[in-house]
Amino acid sequence: MKSNYGFMISGLTAAMLAVSATPLYAAPKAPAARYAYVGTYNPNGEGVYRFDFNGKTGALTNRTLVSQLPNQAQMVAARDGHTLYIGNEIDNYNGGKHGAVAAYHINSQDGSLSLINQVDSQGAGPVFLSLTPKGDHLLVANYISGVVASFPIDAGGKIGETGSSQQDSGPAGAGKPAAAAEGSFAVSDHNGPHAHMVAADPSGKFAFSTDLGLDRIYQWKLNDATGALEANDPPFINASSAGAGPRHFVFHPNGKVVFLINEEASVLTSYRFDSAKGTLTQLHSLSSLPANFKGTNFAAGIVLSKDGRHLYVANRLHNSIAQINVTGEGAMAWGGEIWTRGDYPRTLTMSPDGRYIFAMNQRSDNITRFRVAGGSGKLAFVDDYIPVGSPSQMVIAP
């Protein structure tokens, strides 16, 4: 964001300005309004809330309820900022057994939303939405049923009524996470397929999806024309340890490394990405918890700094944000942790300029904000609680 600049004006120029009816230069324009949207879980959360987002201070103000469909918890915004896609994390859409995904037009004047259309998510409980690099297909992970799906997006942002889908299948993962901290009872949903995330690689030629229940990372070829997910060779790799529960992942800015957080084990794993074959090879693993921690934790949201040097992970029950210092070769080192000032941080959101991180504290019904120090990446709590019932995810629209 540009700051106001002083101008050195000569005496002659100043005199000209004094008598001229037309300015010799245009005053800097005020920054365009930017909006943040927060998806929530019922009943504490009523739907999707819009906030005015101050890009300079990171403040969220003027909370307004802009949509009230049930369990609108997962979101992704189009890169042009005109469309917001929201998942309804339900299993009874239109009386059936699936969830739903909806497209909304964003009003640039006030940030309000108007529904474009809503479609069946092709599975139950959509928990993650992402767009392909071109923005012409929407990818959806349906947790309850273990289905990943792809939908075409037209020029107006509308979601195609019929998408392609793939059903995860196989034996359930180990009941207890082998790499978890001593005393951990982080055992959940290793009873069948549970797709947790799906996203394309930077080229848009390949995609990956995680299945927490099967302890697998699926490798897909992404059809450029249709957006269909086609099994790669091999179609999947196993999690870094038994019962780890793969959850979310991010690509390093160099496009050569992927960092993945395992929910049940609370362990980060880095992978080398083969951009020619679209496959992953495991590199290193590191706990998202302090060395002396004992007990149960469920790791959750993950974000990477723009420069690719600092990775941040939300720890639920430990209620912390871990900082992991990383390299473009996949190396990882513990950088510290900070209390979230809330309970059960489900996801993290980084501001577009990388100067702030927001924690969605699901059980304490609030969002907390942290300032990111340049260079070191250390976090400092900003004493500003934002009340929101059961926040799940926040998206700052471009």
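Going left to right, the sequence shown walks through residues -26 to -1, 1 to 372 as mature numbering (1 follows the signal peptide of the UniProt record, and there is no 0) numbers them. Virtual Cβ for every residue (Gly too), placed ideally from N, Cα, C. Every value quoted in this text rests on a predicted model; they were computed, and no experiment measured them.
Under the three-state DSSP convention, the category residue i falls into
| i | result |
| --- | --- |
| residue 421 | The shown model of the chain, from -26 to 372, leaves out residue 421, and the question about it has no answer. |
| G13 | strand |
| Y23 | strand |
| Y318 | coil |
| Y67 | helix |
| Q92 | strand |
| G363 | coil |
| V287 | strand |
| P2 | Note that P2 scores 40 on pLDDT, short of 50, meaning its location in the model is unreliable; the coordinates nonetheless yield the value given after this. Correct three-state label for P2: coil. |
| L112 | strand |
| N340 | strand |
| T301 | coil |
| H258 | strand |
| K(-25) | Any reading at K(-25) must be qualified, since the residue scores a pLDDT of 38, below 50, and its modelled position is unreliable; the value itself is stated next. Of the three classes helix, strand and coil, the one that applies to K(-25) here is coil, per DSSP. |
| Y78 | strand |
| P(-4) | With a pLDDT of 36 at P(-4), under the threshold of 50, the modelled position of that residue is not reliable, and the figure given next carries that caveat. It is coil, neither helix nor strand. |
| V122 | strand |
Where residue i falls, given that 16 or more other Cβ within 10 Å makes a residue buried
| i | result |
| --- | --- |
| Q83 | exposed |
| W313 | exposed |
| N335 | buried |
| A213 | buried |
| M(-19) | Low local confidence applies: a pLDDT of 33 at M(-19) is under 50, so the model's placement there is unreliable, with the coordinate-based value given in what follows. Exposed, since its Cβ has fewer than 16 Cβ neighbours within 10 Å. |
| Q42 | exposed |
| I267 | It is Phe, not Ile, that sits at residue 267 in the sequence shown. Looking at its Cβ environment, which holds 16 or more other Cβ atoms inside 10 Å, F267 is buried. |
| G130 | exposed |
| A354 | exposed |
| G348 | exposed |
| N62 | buried |
| E238 | buried |
| R53 | exposed |
| G70 | exposed |
Cβ distance (whole Å) where residue i is taken to contact residue j below 8 Å
| i | j | result |
| --- | --- | --- |
| G149 | G166 | That pair is no contact at about 12 Å. |
| I64 | M49 | I64 to M49, Cβ: 15 Å. No contact. |
| N206 | T255 | Actually they are not in contact, since the Cβ atoms of N206 and T255 sit about 13 Å apart, beyond 8 Å. |
| M306 | F223 | In fact, because the Cβ distance is near 14 Å, the residues do not count as touching under 8 Å. |
| A265 | N236 | That belief does not hold up - the Cβ atoms of A265 and N236 are roughly 18 Å apart, past 8 Å. |
Are the stretch 76 to 90 and the stretch 180 to 192 touching, with three or more C-beta to C-beta distances below 8 Å?
The answer is no - the stretch 180 to 192 does not touch the stretch 76 to 90, with fewer than three Cβ pairs under 8 Å.
What ranges does the beta strand (DSSP E) occupy inside the stretch 192 to 250, keeping only unbroken runs of at least 3 residues that lie completely in it?
List check, beta strand (DSSP E) in window: 203 to 212, 220 to 225, 231 to 236, 241 to 248.
Specify whether the stretch 312 to 329 and the stretch 286 to 298 touch according to this definition: at least 3 beta carbon pairs, one from each stretch, less than 8 Å apart.
Taking a cut-off of 8 Å on C-beta distances, the stretch 312 to 329 touches the stretch 286 to 298, as three or more cross pairs fall below it.
If we count Cβ pairs, one from each stretch, closer than 8 Å, do we get three or more for the stretch 12 to 19 versus the stretch 348 to 367?
Flag = yes, the stretch 12 to 19 and the stretch 348 to 367 touch.
When the Cβ atoms of the stretch 316 to 335 are set against those of the stretch 276 to 286, are three or more pairs found closer than 8 Å?
Pairwise C-beta distances place the stretch 316 to 335 in contact with the stretch 276 to 286, as three or more of them are shorter than 8 Å.
Please determine if the stretch 149 to 162 and the stretch 191 to 208 are in contact, where contact requires at least 3 C-beta pairs separated by less than 8 Å.
In short, these stretches do not touch, since the Cβ pair count stays below three.
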